[in-house]
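Residue numbers (the numbering used here), protein chains in the order written: chain A, 1010 to 1120; chain B, 3 to 115. Ideal Cβ positions, reconstructed from N, Cα and C, are used throughout, including at glycine.
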């Protein structure tokens, strides 16, 4: 099993603040995906990063894949209440056809 | 984007009965689909990989006789929870890959009373 540890596990911040979520593993992944999940719904794909060192931006969200493809980060600028949700990273293992999910980060943005 | 539809969204059943959950890829074909289980405030845990036209591959600790998976077509996989017990109550989610991206169903909240 390829474990992905996310930190922090819980995060509660005020609207307008910045935050970073980390996704770390000792395993190498061929790609890494970030999802956001709202209560009672399935996860929704935010981004896929493939190349070590890759940085992708999605409006106020910035995703980075570590150079060694073992870790990733999600940075949110000027958080808004609509950003509230469970953020999950998921790695695609080399030779595996399924995703290994991180432990999750539950974000609450207070208006 | 690709759409994966899961049905039902929620179901309540009595102990000892069986429940079938459907997962459909609406605008693409999926030879492989995945079934996950999610407990409250926890991440997704892979239960099994559903392969079209062949037997599903179950993760360690998942009872294949209890969680029956059928992938009879390229757009439909079903998960049947047999002889359900209260400890089977959970949120079940399916996904299908399109290219390198996974698309998830809306999830099914199963409550066994």
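Under 8 Å by beta carbon: chain B residues contacting residue i
i, result
"residue 1040(A)", "102"
Integer Cβ distance of residue i from residue j, believed to fall under 8 Å
i, j, result
"residue 49(B)", "residue 37(B)", "5 Å"
"residue 1047(A)", "residue 1094(A)", "5 Å"
"residue 1076(A)", "residue 1061(A)", "5 Å"
"residue 1086(A)", "residue 1018(A)", "The Cβ separation is near 22 Å, so there is no contact."
"residue 40(B)", "residue 108(B)", "Contact doesn't hold; Cβ gap of about 13 Å is too wide."
"residue 1057(A)", "residue 102(B)", "6 Å"
Where residue i meets chain B, residues with beta-carbon distance less than 9 Å
i, result
"residue 1097(A)", "45, 46"
"residue 1086(A)", "The contacting residues do not exist; residue 1086(A) stays about 24 Å from chain B at best."
"residue 1113(A)", "43, 44, 45, 46"
Contact list for residue i against chain A, beta-carbon separation under 7 Å
i, result
"residue 1(B)", "Examination of residue 1(B) is not possible in this model, given that chain B is present from 3 through 115 alone."
"residue 26(B)", "Those within 7 Å of residue 26(B) in chain A number zero; the least Cβ separation is about 13 Å."
"residue 2(B)", "This structure cannot speak to residue 2(B), because chain B is shown only from 3 to 115."
Between the CA atoms of residue j and residue i - distance to the nearest angstrom
i, j, result
"residue 14(B)", "residue 88(B)", "10 Å"
"residue 43(B)", "residue 92(B)", "11 Å"
"residue 1051(A)", "residue 67(B)", "25 Å"
"residue 12(B)", "residue 78(B)", "18 Å"
"residue 1040(A)", "residue 61(B)", "21 Å"
"residue 25(B)", "residue 57(B)", "16 Å"
"residue 65(B)", "residue 19(B)", "16 Å"
"residue 35(B)", "residue 70(B)", "14 Å"
"residue 45(B)", "residue 1110(A)", "7 Å"
"residue 1114(A)", "residue 1014(A)", "10 Å"
"residue 1027(A)", "residue 55(B)", "48 Å"
"residue 1097(A)", "residue 85(B)", "31 Å"
"residue 1088(A)", "residue 1067(A)", "13 Å"
"residue 1038(A)", "residue 1065(A)", "17 Å"
"residue 63(B)", "residue 110(B)", "21 Å"
"residue 1049(A)", "residue 10(B)", "12 Å"
"residue 1079(A)", "residue 112(B)", "35 Å"
"residue 1033(A)", "residue 1059(A)", "15 Å"
Cut-off 7 Å between Cβ atoms - residues of its own chain near residue i, not counting five sequence neighbours on either side
i, result
"residue 1120(A)", "1024, 1090"
"residue 1054(A)", "1042, 1044"
"residue 1016(A)", "1031"
"residue 31(B)", "76, 77"
"residue 51(B)", "34, 36, 58, 59"
"residue 1069(A)", "1085, 1086, 1087"
Nonlocal neighbours in the same chain, by C-beta distance under 6 Å from residue i, ignoring five residues either side
i, result
"residue 22(B)", "80, 82"
"residue 1029(A)", "1082, 1084"
"residue 104(B)", "97"
"residue 1117(A)", "1021, 1093"
"residue 1063(A)", "1074"
"residue 90(B)", "83, 114"
Within chain E, partners of residue i - CB distance below 7 Å
i, result
"residue 108(B)", "Considering every chain present, this structure includes no chain E. Its protein chains are A and B."
Beta-carbon proximity list for residue i, same chain, < 8 Å, skipping 5 on both sides
i, result
"residue 1108(A)", "1042, 1099, 1100, 1101"
"residue 5(B)", "27, 28, 29, 105"
"residue 53(B)", "33, 34, 59, 73"
"residue 115(B)", "14, 15, 16, 17, 88"
Amino acids of chain A, ordered along the chain, whose beta-carbon sits closer than 9 Å to that of residue i
i, result
"residue 69(B)", "Near residue 69(B) there are no residues of chain A at all, since even the closest Cβ is about 16 Å away, more than 9 Å."
Contacts of residue i in chain A (Cβ-Cβ under 8 Å)
i, result
"residue 105(B)", "1054"
"residue 36(B)", "1107, 1108"
Chain-ordered neighbours of residue i on chain B, where CB pairs are closer than 7 Å
i, result
"residue 1093(A)", "Here the premise fails: no neighbours, minimum Cβ distance about 14 Å."
"residue 1057(A)", "102, 103"
Practice prompt. Can you check the region 4-61 of chain B for any beta strand (DSSP E) of at least 3 residues that lies completely inside it and give the ranges in chain order?
Written response: 6-9, 12-15, 21-27, 34-40, 46-53
Item to complete: Report the residue ranges of all alpha helix (DSSP H) runs contained in full by the region 1074-1120 of chain A; include only those spanning at least 4 residues, in chain order.
Response: none
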